[in-house]
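Chains A and F, in that order, give the protein sequences. If you read the first sequence in my numbering, its first letter stands for residue 116, the second for the next number, and so on. If you read the second sequence in my numbering, its first letter stands for residue 8, the second for the next number, and so on. All residues carry an ideal CB built from backbone N, CA and C; glycine is no exception. As structure tokens, the structure follows; a few thoughts come after it.
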Amino acid sequence: MEPVALGQEPVTLSVRRAVLSALGPMERVGVALVLLITVVAALVPLIAPHGPYETVGLAYQSPAQHPLLGTDEVGRDLFSRLLYGLRSSWFSALVVVSAGAVIGLAIGLLAGVRGGWVDTVLMRITDAGLALPGPIIAIAVAVALGPSLIHTLIAVTVVWWPWYARIVRGETRAIVVRPHFDAARLAGVGRFRLAFRHVLPGALPAVVIAASVDLGYLVLTLAGLSFLGLGAPPPAPELGAMAYQGLDSLFSFPWIPLAPAFAVFVLAAAANMAGDGLRDLLEDV
Amino acid sequence: MQTDANDPRSVTAAEPATEGASRPVATVRGLHLRLPGGVHALRGVDLEIEAGEIVGLVGESGSGKTMLGLSLLGLAPAGARFEGEAWLAGTEMTAADSEARRLARREHAGAVFQDPMTSLNPTMKIGTQVGEAAASREAVVEALEQVGFPEPERRLGQYPHELSGGLRQRVMIAMAIARRPALVLLDEPTTALDVTLQRTTLKLLRGLRDELGVAMLFITHDLAVAAEIADRVAVLYAGRVAELGVPSAVFRHPSHPYTAGLLASRLALAGGDRDGELATLGGEPPDPRRLPPGCPFEPRCPFSREVCSLGLPALVPSPRHPGLDACVRAAEIAPELEAGAARALALAPPPVSSAPEPAPGVAALELRHVEKTFRSRRHEQRAVSDVSLTVPEGGALALVGESGCGKTTILRIAVALERAGGGAVELGPGGRPQMVFQDAGSSLTPWMTVRQLLDERVRTEGLGAAERSRRIDETLAWVGLSQEVATMRPSRLSGGQRQRVALARAVIVPPALLACDEPTSALDVSLAAVVINLLRRLRRELGVALLFVTHDLAVARAVAEEIAVMSAGRIVERGETDRVLREPQSEETRRLLEAVPSMERTWR
Ligand code: SF4
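Dropping the structure here:
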């Protein structure tokens with residue numbers, strides 16, 4: 116080994132380009148897939164051949180008899196239901212992530228900028244939130260309020276935001292000790308503007324990273340809860356619930372439970388790959 | 008190996024090395040360096056460094072001095088294209104592959120960079136880091152002993168963050184010399200240090216050169232530092248050598264207008280006056296993307312004529328000293344430069360008590376018995392004890408002292424960024440005090456444009472949009488920035504532009520008190536002079552009072568008629584600046600004064 120000082124190559128002028136090209140093929144596929152999935156999810160009502168509740172023929176038709184994936188146990192078009200399920204899962208995950216991020220941003224920002232007792236109190240609450248066992252809360256909410264997609268989303272958001280609050284608060288603390296924050300204070304900038312113009316943009320990348328990495332995990336969590344009957348009640352098209360209901364036919368008509376399971380897998384994997392890519396990109400630049 | 012100042016050939020770079028007596032350890036011939044993005048960083052540099060010789064490389068930022076050093080060590084940025092040669096002890100670094108360059112570096116070179124914290128690995132113990140350069144534990148201890156590192160044996164297990172800035176610097180130097188290299192590159196090694204540490208470091212380096220016979224390439228923007236340490240000095244401008252020779256000759260009899268300009272913008276500890284404008288080099292350091300076809304200094308040169316744009320002036324023997332210069336008019340303008348240099352170096356005694364008695368009456372700032380203690384979970388640190396001071400309305404007070412003496416804390420208390428632990432802080436009438444930070448870049452919110460940053464400040468005045476916009480344009484012009492800058496974010500600005508933007512924001516609504524935290528310490532001499540001139544105009548035209556923190560006595564003298572010297576949280580001496588500098592009463596002031604690198608003293 117040579118001395119550290121000499122080992123360091125000087126900073127190249129094209130860091131950004133270097134990082135972009137360092138984005139591996141997996142991450143690039145992930146980003147492309149995520150964009151594609153979002154577009155498809157938005158357009159489902161236009162591209163699905165049938166409605167999600169529409170009976171189109173006999174039950175248990177094979178893909179050969181009824182393209183693309185045959186029919187389910189009550190004769191609905193499986194492919195259309197899959198698309199609607201994908202739309203519901205994807206948007207649910209996006210809603211939870213966005214709601215969690217917004218709440219987390221607000222609380223983390225407030226705690227970080229105000230400091231003092233406000234910080235202490237908010238972070239205590241956040242830590243309590245972090246300690247909550249997520250799925251159990253979701254089950255409790257579903258039992259108390261009755262199963263519904265909205266209830267599940269609320270329950271998951273409740274256990275999700277504290278992560279973001281922690282991240283934002285950490286970033287905020289790091290930003291408020293930088294000279295530009297002091298300089299803005301001296302310039303007479305009001306509190307709100309201080310928080311939103313001089314701190315928030317600096318904390319945002321970390322949240323975007325966390326949220327994008329979380330997206331895949333949320334798809335899985337929500338599908339799991341729906342599989343357990345804690346999502347929208349049947350006959351709503353939900354990937355988790357569809358997989359559960361199709362379990363009976365696993366050996367006779369394996370595509371009925373496997374197709375929704377596979378869709379969950381694709382969503383989660385794509386989100387994960389994209390999240391990793393985004394993290395590399397934002398952290399290094 | 009000292010060069011003979013009277014033999015012009017000894018400084019002629021192209022002279023091939025003959026007899027083993029003075030074999031160069033590094034030779035650069037006709038070196039061009041082009042960086043991706045169209046920057047032509049080096050444009051035909053010739054330089055030779057002999058064994059045991061210290062060559063000073065001076066120039067403003069962007070002059071190519073760092074790139075020259077890095078090229079010699081084979082560390083030029085990826086994508087760099089070379090022409091010409093750069094020999095490091097038998098290896099031609101521009102053509103060698105990365106493995107050969109690494110080997111040459113490992114065998115023959117060492118390097119010390121400006122910021123020891125980022126150059127040291129924070130997760131590695133001192134012993135291990137130096138051990139990567141030295142062969143054995145004994146060698147590590149020896150290297151540390153050579154750089155005067157106290158109790159090396161005991162401290163091998165410490166981490167960089169446990170050491171003071173000065174000791175980290177020594178670790179860096181120990182790593183650089185551990186292998187007994189032929190050449191050590193030092194890139195602004197003392198810029199981040201205060202004067203007393205700077206002095207110790209320079210002494211240490213000279214000692215190492217004498218003891219080990221290692222040659223050094225010493226990059227600095229401080230002419231006095233170069234004068235103090237270097238055997239020969241090369242003045243770089245826009246990727247070319249503008250002047251080359253023995254420092255006492257080059258700086259006493261500069262024959263290139265650029266060298267003369269640099270000298271003139273230097274601040275002295277005596278002489279001159281505080282009200283006029285400092286001589287400055289006009290304009291900013293050159294943009295290496297847009298250079299004139301002829302003499303690169305032509306756009307800023309007060310002596311330029313048509314001949315200057317005919318072609319690149321070659322490095323030829325100087326008419327005024329035994330070195331070389333690259334000015335086609337050097338012989339013609341010699342008398343004028345002579346007069347200018349004499350003025351710049353004059354050590355005229357300052358007029359006694361020229362400053363008007365501060366009008367008894369309103370103070371812009373008054374601190375009475377201010378205390379401040381910082382408490383963390385485990386320990387308490389007293390930063391300021393019993394400090395009382397007054398800045399009269401429109402007056403200027405400089406607070407000087409070594410790093411960590413509490414001067415910045417006082418400043419922050421004065422502008423209410425920090426609350427005093429005890430005592431009273433009273434601000435005079437007028438708007439809220441403003442502050443210019445040491446690192447202008449980090450005091451500008453990175454994701455906001457210059458216009459947004461300024462607008463935010465004027466907005467507090469309750470003006471209409473048109474009026475605000477007019478004020479912004481006016482203020483930008485006042486600090487010497489063009490309108491285009493308004494739409495840019497700080498990352499796109501040069502260091503000098505950032506400092507001007509920071510200043511513009513501080514004065515767009517004229518405050519009664521402006522606090523300045525070392526606003527010039529990171530700037531090239533020419534830019535520092537520009538900033539000081541702006542501060543003087545601010546006082547003259549708007550009657551703004553200044554509280555100015557610095558570790559540079561010459562800067563303190565240039566801006567403030569009153570000075571307070573701090574040491575360990577207390578004010579140890581206070582009074583009229585010229586008197587304090589001429590007849591220092593306290594030990595601390597004397598120490599600071601002695602540490603200031605000075606050409607005059609170096610050559611006495
Ligand atoms: S060549 Fe001309 S422009 Fe260049 S430094 Fe000399 S006088 Fe000035």
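Mapping the DSSP letters down to three states, classify residue i as helix, strand or coil.
{"i": "PHE377/A", "result": "helix"}
{"i": "THR170/A", "result": "strand"}
{"i": "GLU590/F", "result": "coil"}
{"i": "ARG297/F", "result": "coil"}
{"i": "SER360/F", "result": "Because the pLDDT at SER360/F is just 32, under 50, the model does not fix this residue reliably, and the point stays unresolved."}
{"i": "GLN165/F", "result": "coil"}
{"i": "GLY392/A", "result": "helix"}
{"i": "GLU57/F", "result": "strand"}
{"i": "GLY214/F", "result": "helix"}
{"i": "GLN506/F", "result": "helix"}
{"i": "CYS315/F", "result": "helix"}
{"i": "MET182/F", "result": "helix"}
{"i": "ALA116/F", "result": "strand"}
{"i": "SER489/F", "result": "coil"}
{"i": "LEU95/F", "result": "strand"}
{"i": "LEU80/F", "result": "coil"}
{"i": "ARG239/F", "result": "strand"}
{"i": "LYS132/F", "result": "coil"}
{"i": "TYR175/A", "result": "coil"}
{"i": "PRO254/F", "result": "helix"}
{"i": "GLY401/F", "result": "coil"}
Would residue i count as contacting chain A if we go by Cβ distances under 9 Å?
{"i": "THR467/F", "result": "yes"}
{"i": "VAL422/F", "result": "yes"}
{"i": "THR19/F", "result": "Summary for THR19/F: the model assigns pLDDT 41, below 50, so the residue's position carries little reliability; its value from the coordinates is reported in the next sentence. No, THR19/F lies away from the interface with chain A (no Cβ there is under 9 Å from its Cβ)."}
{"i": "GLN504/F", "result": "no"}
{"i": "GLN459/F", "result": "yes"}
{"i": "ALA509/F", "result": "yes"}
{"i": "VAL391/F", "result": "no"}
Comparing the C-beta of residue i with each C-beta of chain F, is any distance below 9 Å?
{"i": "ASP234/A", "result": "no"}
{"i": "GLY303/A", "result": "yes"}
{"i": "GLY230/A", "result": "no"}
In chain F, which residues lie with their C-beta within 8 Å of the C-beta of residue i?
{"i": "HIS295/A", "result": "SER449, SER450, LEU451, THR452, PRO453"}
Strictly below 8 Å CB to CB, what residues from chain A border residue i?
{"i": "GLU387/F", "result": "Correct list: empty, because the minimum Cβ distance to chain A is about 20 Å."}
{"i": "GLU463/F", "result": "ALA299, ALA302, VAL304, ARG308, ARG312"}
Mind pulling the chain A residues with CB within less than 9 Å of residue i?
{"i": "ARG547/F", "result": "The contacting residues do not exist; ARG547/F stays about 23 Å from chain A at best."}
If the cut is a Cβ gap below 7 Å, which residues of chain A does residue i touch?
{"i": "ARG512/F", "result": "ALA302"}
Review point. Are the segment 423 to 437 of chain F and the segment 571 to 586 of chain F touching, with three or more C-beta to C-beta distances below 8 Å?
Key: no
Point to revise | Proximal residues, the segment 305 to 322 of chain A versus chain F, C-beta separation under 8 Å | key: ARG308, ARG312, HIS313, PRO316, GLY317
Point to revise | Contacting positions in the segment 274 to 300 of chain A - beta carbon closer than 9 Å to chain F | key: ARG293, PRO294, HIS295, PHE296, ASP297, ALA298, ALA299, ARG300
Point to revise | Short-range partners of chain B found in the segment 432 to 447 of chain F, where Cβ spacing is below 7 Å | key: In the structure shown, chain B does not exist; the protein chains are A and F.
Point to revise | the segment 309 to 328 of chain A contacting the segment 230 to 243 of chain A, beta-carbon criterion three pairs below 8 Å | key: no
**Study point:** Inter-stretch contact (C-beta, 8 Å, three-pair minimum) for the segment 290 to 299 of chain A and the segment 195 to 209 of chain A
**Key:** no
Check your understanding: Are three or more beta carbon pairs between the segment 543 to 558 of chain F and the segment 406 to 415 of chain F nearer than 8 Å?
Key -> yes
Review point. Any chance the segment 332 to 343 of chain A sits against the segment 483 to 498 of chain F, with 3 or more Cβ pairs inside 8 Å?
Key: no
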